[in-house]
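**Student:**
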Amino acid sequence: MGKRSAGFEKAPRSWYPTPWQAVVPLLPHLRPDRIFAEPCAGDGALVRHLIEAGHECAWASDIEPLAEGIKRYDALWPLQLPPVDLIITNPPWDRPILHRMIPHFVQKAPTWLLLDADWVHTRQSAPFMPMLRKIVSVGRVKWIEGSKMTGKDNCAWHLFGTASPFPAEFFGWRSNTTEGPSSPAR
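All the letters of the sequence shown, read from the start, carry residue numbers 32 to 217 under our numbering.
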């Protein structure tokens, strides 16, 4: 949950299932039939959404799996992934953990992370900017099914890869609709 969630009890390990609405903006940026790994799979919601969209999951794990078929594995341990095109995950937003995950995942495959959109506007993101390839705006997400409220933070998908001298491409909310341009990536 966001930084302004005072008064609300956080979910254990800050785990919130990834809703379909958060995945839709990412889909135009994925080439068809991608094989992916999900190292922070929780209950498998993101895995299910991506499979329903035509992609194949080769690895799903979590430090505390919440569904059958998800391996118990700490994402920061050395990953011995099967061959994958991408890592796609909604990681913990806890900065010390997140900042260890980015280079750890990028060593294995290009990595899409669903993060609060403010992250790129902070000094702490500076060391990771050379690895950032794309930002795809999502907006506010309703993290708790059945809730009347959305989260208080805007979100975005962030594609990380090996270091590059080129700046990241930004795809705003309007470019995520079916009417806007899309650019397949990895």
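Note that the Cβ used here is the ideal one computed from N, Cα and C, for glycine as well.
Predicted, not measured: the structure shown is a model, and the values here were computed from it.
Please classify glutamate 210 as buried or exposed, where buried requires at least 16 neighbouring CB atoms within 10 angstroms.
**Tutor:** Residue 210 sits at position 179 when you count from the first residue of the sequence shown. Any reading at glutamate 210 needs caution, since the residue's pLDDT is 34, under 50, leaving its predicted position unreliable; the model's value is listed next. Burial call: exposed.
**Student:** Tell whether a beta-carbon distance below 8 Å holds between proline 141 and alanine 194.
**Tutor:** Position 110 of the sequence shown, counting from 1, holds the residue named residue 141. Position 163 of the sequence shown, counting from 1, holds the residue named residue 194. Contact flag unset, no.
**Student:** Go to tryptophan 188, then tell me how far its beta strand (DSSP E) extends in each direction, as first and last residue.
**Tutor:** Taking the first residue of the sequence shown as position 1, residue 188 is located at position 157. Element bounds for tryptophan 188: 185-191.
**Student:** Could you compute how far the alpha carbon of alanine 91 sits from the alpha carbon of arginine 154?
**Tutor:** Residue mapping note: residue 91 aligns to position 60 of the sequence shown, counting from 1. Residue mapping note: residue 154 aligns to position 123 of the sequence shown, counting from 1. Cα to Cα, the separation comes out at about 31 Å.
**Student:** Tell me whether tryptophan 124 sits in a helix, a strand or coil according to DSSP, three-state version.
**Tutor:** Within the sequence shown, residue 124 is the residue found at index 93, counting from 1. Three-state result, tryptophan 124: coil.
**Student:** Distance check for histidine 60 and tryptophan 108, CA to CA, integer angstroms please.
**Tutor:** Locating residue 108 in the sequence shown gives position 77, counting from the first residue. Locating residue 60 in the sequence shown gives position 29, counting from the first residue. Looking at the two C-alpha atoms, the distance is approximately 28 Å.
**Student:** Taking three-plus beta-carbon pairs below 8 Å as touching, is the stretch 131-147 in contact with the stretch 79-97?
**Tutor:** Cβ pair count under 8 Å is below three, so no.
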